Amino acid sequence: MAATSRREKVSAVDTAWLRMDRPHNLMMITGVLLFRERLPIARLRRLLDERFLVFRRFRQRPVAAAGMMFWEPARDFDLDRHVVHTALPAPAGRRELQSLVSRLAAVPLDPAHPRWQFHLVDNLDGGSAVIVRIHHCYADGIALVRVMLSMTDAAEHGPPAMPFEPPARKRAAPDDDPVAQLLEPFAGVLATARWIGGTLVDKGVELWTDPSKALALANQGGAMTAEIANLTLMEQDSPTRFKGKPAIAKRVAWAEALPLDEVKTIGRALGGSVNDVLLACVAGALGHYLRDKGDDTDGVTLRALVPVNLRPMEKAYKLGNQFGLVFLDLPIGIRNPVERLYAVRDNMAALKGSFQPVLALGILAAMGAGPKILQETLLSILARNASAVMTNVPGPQQPLWLAGARIDSLMFWVPQSGDIGIGASILSYDGKVQFGLIADRGLCPDPGRVIERFGREFESLVLTALMCPWGIEGDLDPRKVARAVGAGG
62 MAATSRREKV
72 SAVDTAWLRM
82 DRPHNLMMIT
92 GVLLFRERLP
102 IARLRRLLDE
112 RFLVFRRFRQ
122 RPVAAAGMMF
132 WEPARDFDLD
142 RHVVHTALPA
152 PAGRRELQSL
162 VSRLAAVPLD
172 PAHPRWQFHL
182 VDNLDGGSAV
192 IVRIHHCYAD
202 GIALVRVMLS
212 MTDAAEHGPP
222 AMPFEPPARK
232 RAAPDDDPVA
242 QLLEPFAGVL
252 ATARWIGGTL
262 VDKGVELWTD
272 PSKALALANQ
282 GGAMTAEIAN
292 LTLMEQDSPT
302 RFKGKPAIAK
312 RVAWAEALPL
322 DEVKTIGRAL
332 GGSVNDVLLA
342 CVAGALGHYL
352 RDKGDDTDGV
362 TLRALVPVNL
372 RPMEKAYKLG
382 NQFGLVFLDL
392 PIGIRNPVER
402 LYAVRDNMAA
412 LKGSFQPVLA
422 LGILAAMGAG
432 PKILQETLLS
442 ILARNASAVM
452 TNVPGPQQPL
462 WLAGARIDSL
472 MFWVPQSGDI
482 GIGASILSYD
492 GKVQFGLIAD
502 RGLCPDPGRV
512 IERFGREFES
522 LVLTALMCPW
532 GIEGDLDPRK
542 VARAVGAGG
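Heads up: the sequence shown at position 53 corresponds to 114 in this note's numbering, and the numbers run straight through without jumps.
Okay, structure coming up:
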């Protein structure tokens, strides 16, 4: 008993991520960093020792004791066990790297040791790649972005892009602080989260396991109770070939990067945000993929789980998981690119001020603290109501160096919980936007076809913007454009 009291307990939310591991869906965050030059293994090892392992958690592993989970220091910690050096058969390019990432995405991390690995890949178009695999129980995406920033430099031999410790007295302004930029869009949700108590979250879990009580609660009024009822009574996601029982094997693909300035310009021209434009392109690519397979997409939407950060700025420098989820309907059945853009914009607007993220965080905590039957029930509801997990992270807009090598591009994927078989990721970095897909091989064996279509969907929006009529004062009337394009087929 005394031994367990000295160990740090794994939080309920972090425990939930440990419990959600499945052979077909490992709760592992996978990232890829590409370099045009070769990165020596000795420099990578030294960097990890000096900047990654200063986060004490990465020397620990989660262990079960007395019916609970604890963080235990690895007694035989060996950095070489966590750094794997691989050389692809030359000549190798994106396709060979994607195949390697696909294989690694289905390989579990050894629970006998801290659950993370860095794979240095050589013989890649004259450069290198680093594949990062970290179990989700260690941290969420925002926290891991913070970790990665602390490992990078703002110049080849310059200072760290983000020091390990935040300034004690003066915090950087959001425009200068990459972490602040990540958190800023969710300030309203954060304010809501701070006054939500545990009672309604507990009530939400109760209703998810017994939906018959939802209507009675909704009639009592209140935004939170209405949100709980909406979640409980939510119609199932549209049946498509993306839904089904996943296998173990994964397929990973990513697209050529888009210029971020062009995405911003198209968004302004058509009356949408950068986020709206990118999500509309994702929806269009997924819809086109299904139609190419002979599927009817008229009136079909694909619901995605979208992580929303709930981490206050003062906790941006800590590991662990502190985020919620919202359900976003992607209008994959709308072929007109502009109409699809507006549908995405409307769906996003409807989620603003939603209590869904706060409820989801509480539900994750309940999954970690409650009995296994509760966890299985909630996981089945998530899988029933969604077909994909969708992340969109604004990364640093200046070039970064890792161990003296300039990062050319980067991307990452969060795990898919339950039986969800699709994970989509959008990440902006150094003036470019990268879209990537990880998919179950049985449900979507050729995600590269979705990736190829993503760029074409953006080109369609560019062409539409160029053909748009302009008003007397130079303001675009995007609604008229949508009708005109739709009338044209």
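The beta carbon of each residue, even a glycine, is placed where N, CA and C say it ideally should be. Please read these numbers as outputs of a predicted model, since none were measured by experiment.
**Start and end residues, beta strand (DSSP E) containing leucine 488** = 483-490
Beta-carbon gap between leucine 488 and valine 450 smaller than 8 Å: no
For alanine 466, which beta-bridge partners are listed by DSSP? Leu463
| query | From what residue to what residue does the alpha helix (DSSP H) around serine 189 run? | reply | Per DSSP, serine 189 belongs to no alpha helix (DSSP H); it is in the beta strand (DSSP E), 188-196.
At least three beta-carbon pairs within less than 8 Å, the stretch 182-189 to the stretch 204-218: no
- Message: Please list the terminal residues of the continuous beta strand (DSSP E) segment that includes threonine 358.
- Response: Looking at the DSSP string, threonine 358 is not in any beta strand (DSSP E), and its letter there is neither H nor E.
Neighbour-count burial assignment, serine 448, 16 or more Cβ in a 10 Å radius:
That one is buried.
- Query: Candidates Gln417, Asn446, Ala526 and Ala173: which alpha carbon is nearest valine 324's?
  - Reply: Ala526
Using only the alpha-carbon positions, how far apart do arginine 68 and alanine 200 sit?
18 Å
Heavy atom of the ligand NAD within 7 Å of glutamine 121 beta-carbon
No copy of the ligand NAD occurs in the structure displayed, which carries no ligand at all.
Please classify methionine 528 as buried or exposed, where buried requires at least 16 other C-beta atoms within 10 Å of its C-beta.
exposed
Segment limits, beta strand (DSSP E) that includes arginine 364:
363-370
*Rounded C-beta distance between serine 72 and glycine 381? I'm assuming under 8 Å.*
6 Å
With a cut-off of 8 Å on the beta carbons, I'd call valine 182 and threonine 147 a contact; round off their distance for me.
5 Å
When Glu518, Gly479 and Ser478 are compared against leucine 496, the one with the closest alpha-carbon: According to the sequence as given, residue 496 is phenylalanine; it is not leucine. Out of Glu518, Gly479 and Ser478, Glu518 has the C-alpha closest to the C-alpha of phenylalanine 496.
(request) Please say whether leucine 347 and valine 511 have beta carbons closer to each other than 8 Å? (result) yes
- Task: Give the range of the beta strand (DSSP E) segment to which leucine 181 is assigned.
- Result: Where leucine 181 is concerned, the enclosing beta strand (DSSP E) stretches over 177-185.
Q.
Check this for me: beta carbons of cysteine 198 and tryptophan 315, under 8 Å apart or not?
A. For cysteine 198 and tryptophan 315, no; Cβs fall outside 8 Å.
Pull the bridge partners of threonine 213 from the DSSP assignment, please. Leu463
Measuring CA to CA, which of Ser521, Ile483, Val523 and Trp177 is closest to asparagine 86?
It is Ile483.
Does the distance from the C-beta atom of asparagine 397 to that of phenylalanine 384 stay below 8 Å?
No, the Cβ-Cβ distance between asparagine 397 and phenylalanine 384 is not below 8 Å.
In whole angstroms, what is the alpha-carbon distance linking alanine 344 and arginine 155? Approximately 24 Å, taken between the alpha carbons.
Distance check for histidine 196 and tryptophan 177, CA to CA, integer angstroms please. 6 Å
Looking only at its chain, what residues have a beta carbon closer than 7 Å to the beta carbon of glycine 465, apart from the 5 residues adjacent to it on each side? Arg104 and Glu217
Would you call the stretch 501-515 in contact with the stretch 356-368, where contact means no fewer than 3 C-beta pairs closer than 8 Å? Touching, no.
Worksheet item: Does the count of Cβ pairs from the stretch 385-395 and the stretch 326-335 closer than 8 Å reach three?
Response: No, the stretch 385-395 does not touch the stretch 326-335.
#### Entry: Beta-carbon proximity check, leucine 471 vs leucine 161, cutoff 8 Å
no
- Cα-Cα separation between threonine 76 and alanine 151, rounded to whole angstroms: 42 Å
| request: Tell me, to the nearest whole angstrom, how far the beta carbon of asparagine 446 is from that of aspartate 298; I am working on the premise that it is less than 8 Å. | output: 6 Å
Consult DSSP for lysine 70 and reduce its assignment to one of helix, strand or coil. strand
Self-check item: valine 124 versus leucine 339: straight-line alpha-carbon distance, rounded
Solution: It is roughly 40 Å from the alpha-carbon of valine 124 to the alpha-carbon of leucine 339.
| said: Starting from aspartate 501, trace the beta strand (DSSP E) in both directions and tell me its first and last residue. | reply: 493-501
### Task
Drop a sphere of 10 angstroms on the beta-carbon of glycine 355, count the other beta-carbons inside from all chains shown, and report buried for 16 or more, exposed for fewer.
Label assigned to glycine 355: exposed.
- Item | Pairwise C-alpha distance: arginine 120 and leucine 114 | 7 Å
**Asked** With 16 other CB atoms within 10 Å as the buried threshold, where does serine 441 fall?
**Response** exposed
* Going straight from the alpha carbon of aspartate 491 to that of alanine 127, what length do you get? -> 48 Å
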